[in-house]
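Protein chains in written order, with the UniProt record's numbering: chain A, 1 to 401; chain B, 1 to 401; chain C, 1 to 401; chain D, 1 to 401.
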């Protein structure tokens, strides 16, 4: 039932799931455990505390759901809002689109601002909407920090300052699925009320954990939120936190041990160094794209993403063909273009447990694929541009100095 | 962060999570994969098809949610019912209690029949309820096949025949979390509309998959069911099944490969042999309990469970002490008594990837624990009773004949 | 190519290879590494130092060969002796027999004292031999500490005192394959010159490491020993120790990480507690054998082994049938009788990463097998005898008090 | 005790140990087994048969020793030769040098032909030596197929034809440690009498297996060879082959299962495709070296190696610094220059489970390192040259066509 593998290691450059470090695979290689034994609370407490450091929060309460990012979204919405509550949000790519779809189907009153795919949220539009909302009917502003479909990173600090300036009491809910743990993210400083991510992204774990942090204000909101919820209900978790047994239903002990190992790796490298590494890899990728004479789907440098780059291909080329060729000939996994940008972009994910040489190998692969499908790239050009930058910016490995 | 282990292997005898076979651990020991690559649909299709064999259905549609049993419950209810729909159900232990709690919080109109903890569903009560329901207001009958808290297995064939005899159109929703794959379960023959289980039980995987099968009638109901749902919505899955890409959001490829391995193990042994093995282990456990002079929490032989035995302890002994002592001295994990039977019972789980000698080691451990806490058991008595039966009933291992 | 496994976990009760703890499996689950990188010496040094603690020596030099016990034997002999050198040794079972065979084929002049299979080395015989050796022609006395074939443990302290009393300068070479790390073993106190073990025994690793410790006197002898050797030559290792790169040829980094984990487990439990646990398991096994009405192959209590028990079966029963039945019906792996005792004994290994309940499960299995093959054992009798003792003697698990 | 890892995956480009495929890691992730159970012979037989396919022999007998290449050498020599037997051999790098050292220390009469480090064996010299040997005193010609220290591959077919032309009866013993399974190797066609390799090279396993194939002529020689040997004695193995139990002492079941998986991977890809892939990677590497303006240590194209490239650095640069910088900054493991070429060459290993993009990533890394240490390389130049060739020569992945 194993799909026959190619020779050598798969180059996994989709923007998630990402490469799992050996340290994490090792930590997860274990039998099941009784999750009601005295051993589990020690582990549980440690990871619940330490995930907050990745979110840069000391005030929030963390929840680790056995679910995916989609479930984490649902948890964020249903715990803080009541049916027909008004949400202001922005649709700028496939993932923000899917979140909007979820909001609508969960029966919220969604004010959707459509944004060009490739652009980010315009603070002016946010300001206008909030200023027009005299009665504070908007209960939540929902923003995808990093739109994985287009490689657009929104400026949360700026959006926060707009909300502050408007003195608007709306909750700020943020999808940090492809950002938290890789991009600069400051839950407390930016007064984010609910932030969430999934284990298979920057944390470099297998899929299966939806990690949610809720500010005191969000927790307060959850007491009166009337959306129906059981599996995703924070209150069940809070009850078990109080009892010290932590889990209202069975967690995956393997993923919890894996999360412990993943957090340890991040803290050993240093969270800010991890973020800096993503910045380095993102910048190098963009230099390669430029060297190839191709355009970034992201329309302005202020929105460029350090976790994923969506590359626009010339009109006569189908980007799907690029992704397929990469996989069939070079064992390279790239991201497809989705929905509005299907066939128009391919995506290079550069997040998680990844280093410079892995990226350069993938960039060399993209060059060959581009030439294979008829785009007249100069082989080595992207690698050269990226290398020149990386050589200068890459520090010695901390533990090997 | 590792809790310091005892010497030797933990004897895991809680009724889930259960021992993960090495074959499954091996299958899961792998990097993440691009779940949109052409490799994933082949694997996905194979497991979606083959889980149905464990449910003994050829007509149902299967769903594999990245969730737990609690999530699988929510999926079963919200996809088939609308708010205020009437549900008839039975509360006979902690897990049926929690399902009732979920039904109520999801805003259904729940008619709860309370049953003694230790007893099973009385078909006569079901008949009475259905006969009284002239207008067919009851939209669903919800039954926990095997109540894990008390070790009670309900007779689904009989309950089905009652519904048939009453010509009642209600859907039959069954929690098979601690039964499917271990006890006799016949989704098609018993005309069950939604059946569900979790990966960490009889399938012997880590936690993380909620497996749900829906009959054509249930699927039909899902088209008009008005309960809000997104993460748990069958329709999203059905849409992706049609496209041949299978997953509306990221699955755990590790768990899917693990599921493939787990199914292969079951089919190699033979599903009916697996069920027979559970019957053997259950019977042996009950013989030991009897030899110890203790009572089974299950009040009548017709309800005894072959996956878990809840043992009543004398009034002067706190069963929690037994569970703690087992863990602290013998590295033996037993199940606590829950809720109404807290302190009164301890539970021996005997399901999943388990054999006769593992069970006998645990029974020997229970004997010593009982004596340690002051119960005057004759050491060896339970093992002797169980062995006498197992020696007669255990077949040669198929592959080694 | 996988041999179809039985349901549940194999009960591995051969006297090696033994169960590998999950901690060790995890540590070994890794890619290869450059063994000339700066990382490897740190690991190498740590395990070379720490294995000495298991041998209870601070004065010896340790060597870790990528080989088995047979290779470790060869290393001990060829590094300390020259062709035609006289060796005094004792043949008391299959493993001492094989060592003698090796000595003879390596062209040493071997004075073999044959001992009844089931008995240990008689100090009086040793004394006689040494006293008769006026000219100190005997260059080495070779003793198997624990003869795995018969379950006989020799009293090394006593043998040492005989050598001392005779003021004989012979080297004392000891096979500790099935003893070191499980039985009381004191290299320095007993002035052992070369002691050796294999990774798959008490250390609970996979096969592949032959661990040898050499006293200063043995090292001195190696400078003039004329036996030809390259792969097993200590001098090559010593040269690389000096350079700080440790390995004259490629080591298995996986096994070194595994060894690190195995040592950590032993030190966490406490080496003396580990030895005490083996004593407990050995004693419990012997009580069971007695309860079954069977005889221990070991002829006198002073020689009983706490790592393996060889059980004599009645003349009309073929012990091979017992081993086969255990494997075919109960997934229980027992040791065969070897050579002179083939068909007459079966062996229960009880060493390495093992606890009380695992042993009791195996003993319950042996009882059923005995009855299966026609021996009139009272089921439960051995388990009862062993349990009564274990209940009294098993301490709380250190980390769970 | 874990050396703190760099971010991302180590780029392992030493010429062994090489990357272990996940399939092999999975196969090895298992508890120990009783190696005397009926399961082990089935596995043993299958790998003993199938390793012969890698050697391209149907007539030889295979041996799998729990040892390294150094031990396999010792097995080849001691089983076929007697002390003072004359060996003709060639010293052309560190590994042939070490083999010569072993021959001398094992007391053979070694006629060593010294060859420039960077050159291969000259057939004319071989011819001269054999023609001068009227009395056929040379009992064995020993050749290292691929000298790993200098990246020199000898032409075995040509050397064989010289021996044939001279009608010389000497045995031909070949070290195929860094060739077999990666380079064109034809044991039967080239009438090689003993060929050997180690598990950590082309087979992509951990270290621990020395694999030796012996021709009928070599087996015949072993009957009269008087070199002392026990651990490495073929006869002990042959005796156990006859009994069908295969192992004179404990094998590593983990490595045997790993070997099974490694062989399966090679056969799935196709052995000739594997060899072609190594040719592709070797050629690409040499193109990169040329583009960098550096010289290959190999002095003539006829000797270039497709498993390792030794790159000469300009006189003012210390190649050790290159290797250290690669490791400290880029998590890239390169091979050091050894002995005569220490400081003068660094080595890029390109063998085993490896593909085009992994190599290109490493080449990009080497470019940056070269520049870091002051060599004026044009970044991207080597990658461009390699890519241009790889793009043309890389086939679609067989299983994904």
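Glycine residues also receive a C-beta, built at the ideal position from the N, C-alpha and C atoms.
Curious, which full-length beta strand (DSSP E) runs of at least 3 residues does the region 110 to 178 of chain D contain? 138 to 144 and 171 to 175
Distance, residue 231 of chain D Cα to residue 97 of chain C Cα: By 1-based counting over the third chain, the position of residue 97 of chain C is 97. By 1-based counting over the fourth chain, the position of residue 231 of chain D is 231. Approximately 15 Å between the Cα atoms of the pair.
Three Cβ pairs or more, each shorter than 8 Å: is that satisfied between the region 97 to 110 of chain C and the region 243 to 251 of chain C? no
Reduced DSSP category for residue 294 of chain B - H, G, I as helix; E, B as strand; rest coil: In the second chain, residue 294 of chain B corresponds to position 294, counting from 1. Coil at residue 294 of chain B, not helix or strand.
Out of D:370, D:194, D:352 and D:195, point me to the one whose CA is closest to residue 274 of chain D's CA. The residue given as residue 274 of chain D occupies position 274 in the fourth chain. Among D:370, D:194, D:352 and D:195, the Cα nearest to that of residue 274 of chain D is on D:352.
Start and end of the beta strand (DSSP E) containing residue 328 of chain B? Residue numbering aside, residue 328 of chain B sits at position 328 when the second chain is read from its first letter. Element bounds for residue 328 of chain B: not the beta strand (DSSP E) but the alpha helix (DSSP H), 319 to 330.
Kindly list, in the order they appear in chain C, the residues whose Cβ is closer than 9 Å to that of residue 354 of chain B. For the purposes of this step, residue 354 of chain B is taken as residue 354 along the second chain, with counting starting at 1. Under the 9 Å cutoff, chain C gives 7, 8 and 9.
Counting only beta-carbon atoms, is residue 286 of chain D nearer than 7 Å to chain B? As a working note, residue 286 of chain D is residue 286 in the fourth chain. Not closer than 7 Å to any Cβ of chain B, the Cβ of residue 286 of chain D fails to qualify, so no.
Shorter than 7 Å from the beta carbon of residue 487 of chain B to some beta carbon of chain A? Since the displayed chain B opens at 1 and closes at 401, residue 487 of chain B lies outside it and no answer follows.
By alpha-carbon positions, which one of D:179, D:43, D:197 and D:119 ends up nearest to residue 297 of chain D? If you number the fourth chain from 1, residue 297 of chain D lands on position 297. Among D:179, D:43, D:197 and D:119, the Cα nearest to that of residue 297 of chain D is on D:119.
Got a sec: which bits of the region 262 to 295 of chain C sit with their beta carbon under 7 Å from any beta carbon on chain B, in order along the chain? From the region 262 to 295 of chain C, only 268, 269 and 277 have a Cβ closer than 7 Å to chain B.
Which of helix, strand or coil does DSSP assign to residue 348 of chain D? Translated into the one-based positions of the fourth chain, residue 348 of chain D becomes position 348. The three-state reading of DSSP puts residue 348 of chain D in strand, counting E and B together.
Hey, residue 389 of chain A and residue 281 of chain A: beta-carbon distance below 7 Å or not? Here residue 389 of chain A corresponds to residue number 389 of the first chain, with the count starting at 1. Here residue 281 of chain A corresponds to residue number 281 of the first chain, with the count starting at 1. Not in contact: residue 389 of chain A and residue 281 of chain A (Cβ atoms no closer than 7 Å).
Same chain only: Cβ atoms within 6 Å of residue 385 of chain B, ignoring 5 sequence neighbours per side: Indexing the second chain from 1 puts residue 385 of chain B at position 385. Cβ within range, chain order: 287, 288 and 291.
Taking only runs that begin and end inside the region 196 to 237 of chain A, name each unbroken beta strand (DSSP E) of 3 or more residues, in chain order. 210 to 214
Is the CB of residue 333 of chain A under 7 Å away from at least one CB in chain B? Start at 1 with the first residue of the first chain, and residue 333 of chain A comes out as number 333. Yes, contact with chain B.
Delimiting residues of the alpha helix (DSSP H) encompassing residue 266 of chain C: Here residue 266 of chain C refers to the residue found at position 266 when the third chain is read from its first residue. Its alpha helix (DSSP H) spans residues 253 to 269.
Taking one C-beta from the region 26 to 40 of chain C and one from the region 355 to 373 of chain C each time, how about it: are there three or more such pairs within less than 8 Å? Too few Cβ pairs lie closer than 8 Å, so no.
Give the range of the alpha helix (DSSP H) segment to which residue 77 of chain B is assigned. As a working mapping, residue 77 of chain B is identified with position 77 in the second chain. Counting along the chain, residue 77 of chain B sits inside the alpha helix (DSSP H) bounded by residues 69 to 80.
Taking the alpha-carbon positions, what's the residue 107 of chain D to residue 228 of chain C distance? For this step, residue 107 of chain D is matched to residue 107 along the fourth chain. For this step, residue 228 of chain C is matched to residue 228 along the third chain. Using only the alpha carbons, I get a separation of about 8 Å.
Close-in-space but distant-in-sequence residues of the same chain around residue 262 of chain B (CB under 7 Å, 5 per side omitted): Position 262 of the second chain holds residue 262 of chain B. Hits under 7 Å: 24, 203, 204 and 205.
Listing by chain order, which chain B residues have their CB less than 7 Å from the CB of residue 174 of chain A? For this step, residue 174 of chain A is matched to residue 174 along the first chain. Neighbours of residue 174 of chain A on chain B: none; closest Cβ ~18 Å, over 7 Å.
Rounded straight-line distance, which links the Cα of residue 168 of chain D to that of residue 379 of chain A: Translated into positions along the first chain, residue 379 of chain A becomes position 379. Translated into positions along the fourth chain, residue 168 of chain D becomes position 168. Approximately 52 Å between the Cα atoms of the pair.
Simplified DSSP assignment, three categories, for residue 382 of chain D: Position 382 of the fourth chain, counting from 1, holds the residue named residue 382 of chain D. Reduced to three states, the DSSP call for residue 382 of chain D is helix.
Does the beta carbon of residue 365 of chain D come closer than 7 Å to any beta carbon on chain A? Counting from 1 along the fourth chain, the entry for residue 365 of chain D is found at position 365. For residue 365 of chain D, the answer is yes, since a Cβ of chain A falls inside 7 Å of its Cβ.
May I ask which residues mark the beginning and end of the beta strand (DSSP E) holding residue 11 of chain A? Within the first chain, the letter at position 11 stands for residue 11 of chain A. From DSSP, the beta strand (DSSP E) with residue 11 of chain A extends over 11 to 13.
Classify residue 369 of chain B as helix, strand or coil using the three-state DSSP reduction. Working through the second chain from its first residue, we reach residue 369 of chain B at position 369. Correct three-state label for residue 369 of chain B: helix.
Ignore the nearest five residues each way along the sequence and tell me which others in residue 44 of chain D's own chain have a CB closer than 6 Å to its CB. Counting from 1 along the fourth chain, the entry for residue 44 of chain D is found at position 44. Answer for residue 44 of chain D: 246, listed in chain order.
Going straight from the alpha carbon of residue 79 of chain C to that of residue 88 of chain D, what length do you get? Start at 1 with the first residue of the third chain, and residue 79 of chain C comes out as number 79. Start at 1 with the first residue of the fourth chain, and residue 88 of chain D comes out as number 88. Approximately 28 Å, taken between the alpha carbons.
Against chain E, does residue 394 of chain D count as a neighbour if the rule is that its beta carbon must be under 7 Å from one of theirs? Any reference to chain E falls outside this structure, whose protein chains are A, B, C and D.
Roughly how many whole angstroms lie between the Cα atoms of residue 322 of chain B and residue 346 of chain B? Residue 322 of chain B sits at position 322 when you count from the first residue of the second chain. Residue 346 of chain B sits at position 346 when you count from the first residue of the second chain. Computed Cα separation, rounded: 7 Å.
Once DSSP output is grouped into helix, strand and coil, what is the label at residue 403 of chain B? This structure cannot speak to residue 403 of chain B, because chain B is shown only from 1 to 401.
Taking the beta carbon of residue 175 of chain C as the centre, do at least 16 other beta carbons fall within 10 Å, making it buried, or is it exposed? On the third chain, residue 175 of chain C is found 175 positions in, with the first residue counted as 1. Under this definition residue 175 of chain C is a buried residue.
Tell me the rounded alpha-carbon separation between residue 1 of chain D and residue 257 of chain C. Start at 1 with the first residue of the fourth chain, and residue 1 of chain D comes out as number 1. Start at 1 with the first residue of the third chain, and residue 257 of chain C comes out as number 257. Because residue 1 of chain D sits at a pLDDT of 47, beneath the cut-off of 50, its placement in the model cannot be relied upon, and the following sentence gives the value as read from the coordinates. Between residue 1 of chain D and residue 257 of chain C, the C-alpha separation is close to 9 Å.
Contact with chain B by residue 29 of chain D, beta-carbon distance below 7 Å: For the purposes of this step, residue 29 of chain D is taken as the residue at position 29 of the fourth chain. It does; some Cβ of chain B falls within 7 Å.
Quick one: what does DSSP say residue 310 of chain B is sitting in, helix, strand or coil? For the purposes of this step, residue 310 of chain B is taken as residue 310 along the second chain, with counting starting at 1. Of the three classes helix, strand and coil, the one that applies to residue 310 of chain B here is strand, per DSSP.
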